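Asker: One structure coming up, written as structure tokens, with questions to follow.
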């Protein structure tokens, strides 16, 4: 039985099928995303969504959707699906769906009377082009296909309305047309491998609605332009390929290009691990200026902290050392430039936040655990040394080493940690002073660096300095953060201490070099397990703490207030699993394996084959936010590899 296969009964039930989305990327920033019934429910959905650096740093929807119509004996059966005002869905093409399979490439099977038609979609790697292959499996009379392209040519975060600025002109190209609706956009080439007839019949389809944007309190209605339709006869057993891209294609090469792309997909989504591995590779973002990881889809860009957290799992955990090194090369170059000049990087966001150098060392530390200390020292040892010198010498604008060995940061007026919700320009959680995860990462960084160069006589004085600071920081850490109830205070700033039970303490429990002894780790872990653990990750706040708000719904302001006040984060399971195994050893493996069942269930839920950004903190633990999030995918992959080592 197929791992990601849905039958007619599920597909025609829109209440069940519309919440389920699918994503494909070209590993260079472009993507295709929609629901499994091809009805767009977000403004970011589209068949061809691409970055256009000449315009801005956002993605842009070029081709929103493509409505297919099957014609037999003069009768037309439209397979498209759009939502209009008043819960009106038209033209209800989903009722013809018999099956949807997403293991290799997304494949939808339609049945219209005696016609059986399959549709498969492939995104060409590192090219702004999507290929859609239609195969007439069965038909008892002459059949014609019509394609109506719904064009947007807009920022993925905006909406389009009918206007007279739009350029309706088009040019004929081999087996198709090209057009450019607005100045500054690239031309869109729509072609087939077999010559079609194009009928110029321009219309605006008004009032198309996006359910997800409506739920989130955003504008949700738009008008889309359809320039006309392509018409092409198709015979039983024949396949027709429709191409949409920003560069003209050669019709004769489309079949070969499709087959090559299909052959490159060596790993089907046939298991939990394979789904996550495919999902991890979709975050790869290769540009001329470097290699990166996107934080998530469909709206996140490259963010420094997310990239460092996701990198070990999205690369090393799937045995892709080369991509790890490529991304680290770009990251190291950008961070070194910031440490030297104070200038931000144009490609990696939030590089100036105070914990970024600490997460960078955390990433290198995981490379050492995978590849060994010697290989790590040779490749990244100098980078680690330079980061520590940068911090110790007080060169970071908001990361200060105090006499007690701890690091202090000012977060009263701007967000400085991963708990970064903002309302009216002010942090919802103004974490400031000594932050627990900052100082856990700091202690680990010092001890890791000392171990990395333990045998290097030339750096003996450095090692001695790092150990001395770590020893002082270790004592101060326990005195500052460990309370009488056995868990760790979230942050301390002078007389202000946040005693809320939050997951940031997990970082201190998980690291190899921790200021806490095993007994202290065990007590704190018991609190986390009792109050924060859910089947979909670790809650951001305990239900027993003041301000608990587990449901991430409502307007943007309402969602910001809930963002870190209870919803669960899957990426924290990486730290939880490490901490649990440090406390319980091999006897904890079966428990962690049971906890992963909740994530395997997600493979057929919100975004097929991936993991959402966050989940409600209370049952039924619904997925929310970005539909595919790199840190979540990476850390669950890392947990799987960690458990595999214990089971060997």
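Numbering (the UniProt record's numbering), first residue to last: 1 to 648. Just so you know, even glycine gets a beta-carbon here, dropped at the ideal spot from N, CA and C. Note that the structure is predicted; figures quoted are calculated from it, not measured.
1) Hey, quick one: how far does the beta strand (DSSP E) through residue 626 stretch, first residue to last?
2) With which residues is residue 239 paired in a DSSP beta bridge?
3) Please tell me whether, using a cut-off of 7 Å, the distance from the CB of residue 441 to the nearest non-hydrogen atom of the ligand ADP is below it.
4) Between the alpha carbons of residue 312 and residue 363, how many angstroms are there, rounded?
5) State whether the segment 326-334 contacts the segment 403-414, with contact taken as three or more CB pairs (one from each stretch) at a distance under 8 Å.
6) Given that a residue counts as buried once 16 or more other Cβ atoms are within 10 Å of its Cβ, and exposed if not, what is residue 1?
7) Measuring only the C-alpha atoms, how far is residue 152 from residue 223?
8) Along the chain, where does the beta strand (DSSP E) containing residue 72 start, and where does it finish?
9) Three or more beta-carbon pairs under 8 Å between the segment 240-257 and the segment 120-129, yes or no?
10) Alpha carbons only, please: which of 451, 43, 344 is nearest the one belonging to residue 219?
11) Can you give the Cα-Cα distance for residue 109 and residue 594, rounded to whole angstroms?
12) Helix or strand or just coil, what does DSSP make of residue 271?
13) Can you tell me the Cα-Cα spacing of residue 418 and residue 486, whole angstroms?
14) Report, in whole angstroms, the separation of the C-beta atoms of residue 521 and residue 428, which I expect to be a contact under 8 Å.
15) Which residues in the same chain have their Cβ closer than 7 Å to the Cβ of residue 262, if we skip the five residues on either side of it in sequence?
16) Give me the residue from 140, 375, 498 with the minimum Cα distance to residue 545.
17) Can you tell me whether residue 405 is helix, strand or coil according to DSSP?
18) By DSSP, does residue 41 sit in helix, in strand, or in coil?
19) For the segment 509-517 and the segment 552-561, state whether three or more C-beta atom pairs, one from each stretch, are separated by less than 8 Å.
20) Along the alpha helix (DSSP H) that carries residue 263, what are the first and last residues, could you check?
21) Where does residue 534 sit, in a helix, a strand or coil, going by DSSP?
22) For residue 346, is the classification buried or exposed, using 16 other Cβ atoms within 10 angstroms of its Cβ as the cut-off for buried?
23) Return the first residue and the last residue of the beta strand (DSSP E) that residue 357 is part of.
24) Could you pull the start and end residues of the alpha helix (DSSP H) that residue 649 belongs to?
25) Who are the near neighbours of residue 177 in its chain, counting only those whose CB is closer than 7 Å to its CB and skipping five residues on each side?
26) Taking Cβ to Cβ, would you say residue 562 is nearer than 8 Å to residue 538?
27) I'd like to know whether the C-beta atoms of residue 435 and residue 491 end up nearer to each other than 8 Å.
28) How many angstroms separate the CA atom of residue 614 from the CA atom of residue 265?
29) So, using beta-carbon positions, are residue 83 and residue 208 closer together than 8 Å?
30) Can residue 358 and residue 299 be called in contact, C-beta distance under 8 Å?
31) Assuming residue 649 contacts residue 280 under a Cβ cut-off of 8 Å, what Cβ separation, rounded to an integer in Å, is found between them?
32) Measuring only the C-alpha atoms, how far is residue 68 from residue 117?
33) Residue 350 to residue 334, Cα distance in whole Å?
34) Can you confirm whether residue 409, when its beta carbon is compared against all beta carbons of chain B, has any partner nearer than 8 Å?
35) Ignore the nearest five residues each way along the sequence and tell me which others in residue 316's own chain have a CB closer than 6 Å to its CB.
36) Where does residue 497 fall in DSSP's three states?
Answerer: In terms of the structure at hand:
1) From DSSP, residue 626 is part of no beta strand (DSSP E); its letter is neither H nor E.
2) Paired residues: 135.
3) The ligand content of the structure shown is nil, which means the ligand ADP is not present either.
4) When only Cα atoms are considered, residue 312 and residue 363 end up about 7 Å apart.
5) The segment 326-334 vs the segment 403-414: no contact.
6) Model confidence at residue 1 stands at a pLDDT of 43, short of 50, so the residue's coordinates are unreliable; what they give is reported in the following sentence. Residue environment for residue 1: exposed (fewer than 16 other C-beta atoms within 10 angstroms of its C-beta).
7) Separation of residue 152 and residue 223 (C-alpha to C-alpha, rounded to the nearest whole angstrom) is 8 Å.
8) Unbroken beta strand (DSSP E) run through residue 72: 59-72.
9) When Cβ pairs closer than 8 Å are counted between the two stretches, the segment 240-257 is seen to touch the segment 120-129, the count reaching three or more.
10) Selected option, being the one with the closest Cα: 43.
11) Their Cα atoms are separated by approximately 35 Å.
12) In the three-state reduction of the DSSP assignment, residue 271 falls in the coil class.
13) The alpha-carbon atoms of residue 418 and residue 486 are separated by roughly 24 Å.
14) Wrong, their Cβ atoms sit about 29 Å apart, outside the cutoff.
15) Closer than 7 Å at the Cβ level, and outside the excluded window around residue 262, lie 105, 122.
16) Of 140, 375, 498, the residue nearest in Cα terms is 498.
17) Correct three-state label for residue 405: coil.
18) Three-state result, residue 41: coil.
19) Contact between the segment 509-517 and the segment 552-561 is absent, because fewer than three Cβ pairs lie under 8 Å.
20) Per DSSP, residue 263 belongs to the alpha helix (DSSP H) from 254-263.
21) In the structure shown, residue 534 falls within a strand segment according to DSSP collapsed to helix, strand and coil.
22) Its Cβ having fewer than 16 others within 10 Å, residue 346 is exposed.
23) Premise fails: residue 357 lies in the alpha helix (DSSP H), 356-371, not in any beta strand (DSSP E).
24) No statement about residue 649 is possible, as the shown extent of the chain runs from 1 to 648 and does not include it.
25) For residue 177, where only same-chain residues beyond five positions count, the Cβ hits under 7 Å are 170, 171, 190, 198.
26) No, the pair does not count as a contact, with Cβ atoms beyond the cut-off.
27) Taking 8 Å as the Cβ cut-off, residue 435 and residue 491 qualify as a contacting pair.
28) Roughly 28 Å between the two C-alpha positions.
29) Yes. Within cutoff.
30) When the beta-carbon positions are compared, residue 358 and residue 299 stay at least 8 Å from each other.
31) Look at the range of the chain in this structure, 1 to 648, and you will see that residue 649 is not part of it.
32) Going by C-alpha positions, residue 68 is about 11 Å away from residue 117.
33) Whole-angstrom Cα-Cα distance: 11 Å.
34) No chain B is present in this structure, which holds just one protein chain.
35) So the list reads 324, 370, once near-sequence residues are dropped.
36) The three-state secondary structure of residue 497, taken from DSSP, is strand.
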